[in-house]
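Just so you know, the protein sequences line up as chains R and X, in that order. Under the numbering used here, the first residue of the first sequence carries the number 5, and numbering increases by one thereafter. Under the numbering used here, the first residue of the second sequence carries the number 5, and numbering increases by one thereafter. All residues carry an ideal CB built from backbone N, CA and C; glycine is no exception. Please read the structure below before turning to the comments.
Protein chains: 2
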Amino acid sequence: MNTTYTNILQHADALIQSNGFHGFSYADLAKELDIRKASIHHHFATKADLGIAFCQLKCEQLKQLESHLKTLPSAKARLQGYFAVFQSCANDGQMCGIYAMQTDLRLMAEPLQKQVLKMADLELNILSDILQVGLDNGEFNFKPTAYQQAVIICCAIKGALMLNRSEHHAGLFNQTCDAWIEMLA
Amino acid sequence: MNTTYTNILQHADALIQSNGFHGFSYADLAKELDIRKASIHHHFATKADLGIAFCQLKCEQLKQLESHLKTLPSAKARLQGYFAVFQSCANDGQMCGIYAMQTDLRLMAEPLQKQVLKMADLELNILSDILQVGLDNGEFNFKPTAYQQAVIICCAIKGALMLNRSEHHAGLFNQTCDAWIEMLA
DNA sequence: GCAAGCCTACCTACTGGTAGGTAATATCCT
DNA sequence: AGGATATTACCTACCAGTAGGTAGGCTTGC
Chain R
5 MNTTYTNILQ HADALIQSNG FHGFSYADLA KELDIRKASI HHHFATKADL GIAFCQLKCE
65 QLKQLESHLK TLPSAKARLQ GYFAVFQSCA NDGQMCGIYA MQTDLRLMAE PLQKQVLKMA
125 DLELNILSDI LQVGLDNGEF NFKPTAYQQA VIICCAIKGA LMLNRSEHHA GLFNQTCDAW
185 IEMLA
Chain X
5 MNTTYTNILQ HADALIQSNG FHGFSYADLA KELDIRKASI HHHFATKADL GIAFCQLKCE
65 QLKQLESHLK TLPSAKARLQ GYFAVFQSCA NDGQMCGIYA MQTDLRLMAE PLQKQVLKMA
125 DLELNILSDI LQVGLDNGEF NFKPTAYQQA VIICCAIKGA LMLNRSEHHA GLFNQTCDAW
185 IEMLA
């Protein structure tokens, strides 16, 4: 399905991951898609609505990812599968969209803020579950709670993803993923 | 010294830590300081100049911090001293300014980008040195290089600082600091 | 006298959002 | 089947507000 609606969301996704939610405008989006601003407003009445739709899309994608990861045999494979999601961002010099939304949190109206926090927590819970499984079956070894460990890993790889954008730190994201796999063993 | 120049920088600091570099305007700054926009332009001709001055200020503060931390007897105390810097941010619901600048990197002109990257790398090197000392004298134990470990810790605590802003994650920053002290032992 | 510091008044470009119109498609009623 | 009626999707043209920035004038202290 390649409707205008999904095209807008897709391009908004890319722009959010490059510049953050407040770092792009409807005009930017319109130019990229070669449609008019009013057409975007037709599908997403306000920018907050676009933000909310983005969060809902990410939540769906996260749930799909969770289902997919559960088919993998080991916690280690699941963690690597989780890391793999960000590989394309790393290649394209982008940040994590969820993180990018978090940084602009204070500039958002409350309904959007709520969606952002919900999305972020969904991700943390998915990662937390993977870590808990690994801890229980002896694959992983760490001292904090699974949730705390999830926060630490999640933040670390997303920060690395951000730093990874400058040439000086090229490869940093992959190094960080590898380091975590080794550190948890 | 409480000049208009330093007042502007100080308030810009707070706004950057709340909303990011592109999340505040000269008008916001002028309102807070009860001066006119043109007066800010008198001290910082362009917003990029203000950004560069911010980076230079942070670099000086980082160097001062480094000197101070070197007076502390152990690597663990130095690491805790480093963490302590962010305590006021955590209390005020703010992000790390260095991190906040990084997220908006793509929206900045090149001269400012350079300063941001320089500032970020200075911090990573300071943290890296602390970790190396701790590794060498047996206080700390970790597998990656000191620099890689510095990236991981730096990103993790700053991400936690960001998440810490929502009530749902209150206390997360301190938990993360404590977790790192324990994990490195 | 003159420079620093701050001001009023203004500019251009762009922001998110709105009003109102057109063409195509779908739905309904006889 | 054919005509009336909505609905969808897009458009042009605009709005008020805000962004960063500029020109030029008024104080104040050396």
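Quick one: residues in its chain with C-beta nearer than 7 Å to the C-beta of residue i, no 5 flanking neighbours on either side, listed in chain order?
{"i": "X:Leu165", "result": "Phe90, Cys93, Ala94, Met99, Cys100, Phe177"}
{"i": "X:Phe131", "result": "Reading off the sequence shown, one finds Leu at residue 131 of chain X, where the question assumed Phe. Around X:Leu131: Tyr86, Ala154, Ile157, Cys158."}
{"i": "R:Ile102", "result": "Lys62, Met123, Ala124, Glu127"}
{"i": "X:Ala34", "result": "Arg40, Lys41, Ile44"}
{"i": "X:Gly24", "result": "Ala104, Thr107, Asp108"}
{"i": "X:Leu167", "result": "His173, Leu176"}
{"i": "X:Glu2", "result": "With chain X covering 5 to 189 only, the question about residue 2 of chain X has no answer from this structure."}
{"i": "R:Tyr9", "result": "His47"}
{"i": "R:Leu13", "result": "Ala57, Phe58, Leu61"}
{"i": "R:Leu111", "result": "His26"}
{"i": "R:Cys181", "result": "Phe87, Ile161"}
{"i": "R:Asn11", "result": "Leu37"}
Once you ignore the five residues that flank residue i on each side, which residues in its own chain have a CB closer than 6 Å to its CB?
{"i": "X:Glu36", "result": "His15"}
{"i": "X:Gln119", "result": "Ile56, Cys59"}
{"i": "X:Leu141", "result": "Contrary to the premise, residue 141 of chain X reads as Asn rather than Leu in this sequence. For X:Asn141, where only same-chain residues beyond five positions count, there are no Cβ hits under 6 Å."}
{"i": "X:Tyr30", "result": "Lys41, Ile44"}
{"i": "X:Leu73", "result": "Arg82, Gly85"}
How about residue i and residue j: are their beta carbons less than 7 Å apart?
{"i": "X:Ile20", "j": "X:Leu116", "result": "no"}
{"i": "X:Arg82", "j": "X:Ile161", "result": "no"}
{"i": "X:Lys147", "j": "R:Glu186", "result": "yes"}
{"i": "R:Ser22", "j": "X:Leu121", "result": "no"}
{"i": "X:Gln136", "j": "X:Ala113", "result": "no"}
{"i": "X:Gly163", "j": "R:Gly163", "result": "yes"}
Just mark residue i as buried or exposed, buried being the case when its beta carbon has 16 or more other beta carbons within 10 Å.
{"i": "R:Ala79", "result": "buried"}
{"i": "R:Gly27", "result": "buried"}
{"i": "X:Gln152", "result": "buried"}
{"i": "R:Thr7", "result": "exposed"}
{"i": "X:Ala88", "result": "exposed"}
{"i": "R:Thr75", "result": "exposed"}
{"i": "X:Ala183", "result": "buried"}
{"i": "R:Gln68", "result": "exposed"}
Leaving out the 5 sequence neighbours to the left and right, which residues in its chain are closer than 8 Å to residue i when beta-carbon positions are compared?
{"i": "X:Ala49", "result": "none"}
Practice item. Any chance you could list the beta strand (DSSP E) runs of at least 3 consecutive residues sitting entirely within the stretch 67-113 of chain R, in chain order? Key: none
Check your understanding: Mind pulling the alpha helix (DSSP H) runs of 4 or more residues that sit fully within the stretch 140-178 of chain R?
Key -> For the stretch 140-178 of chain R, whole alpha helix (DSSP H) runs of length 4 or above, ordered along the chain, are 150-167.
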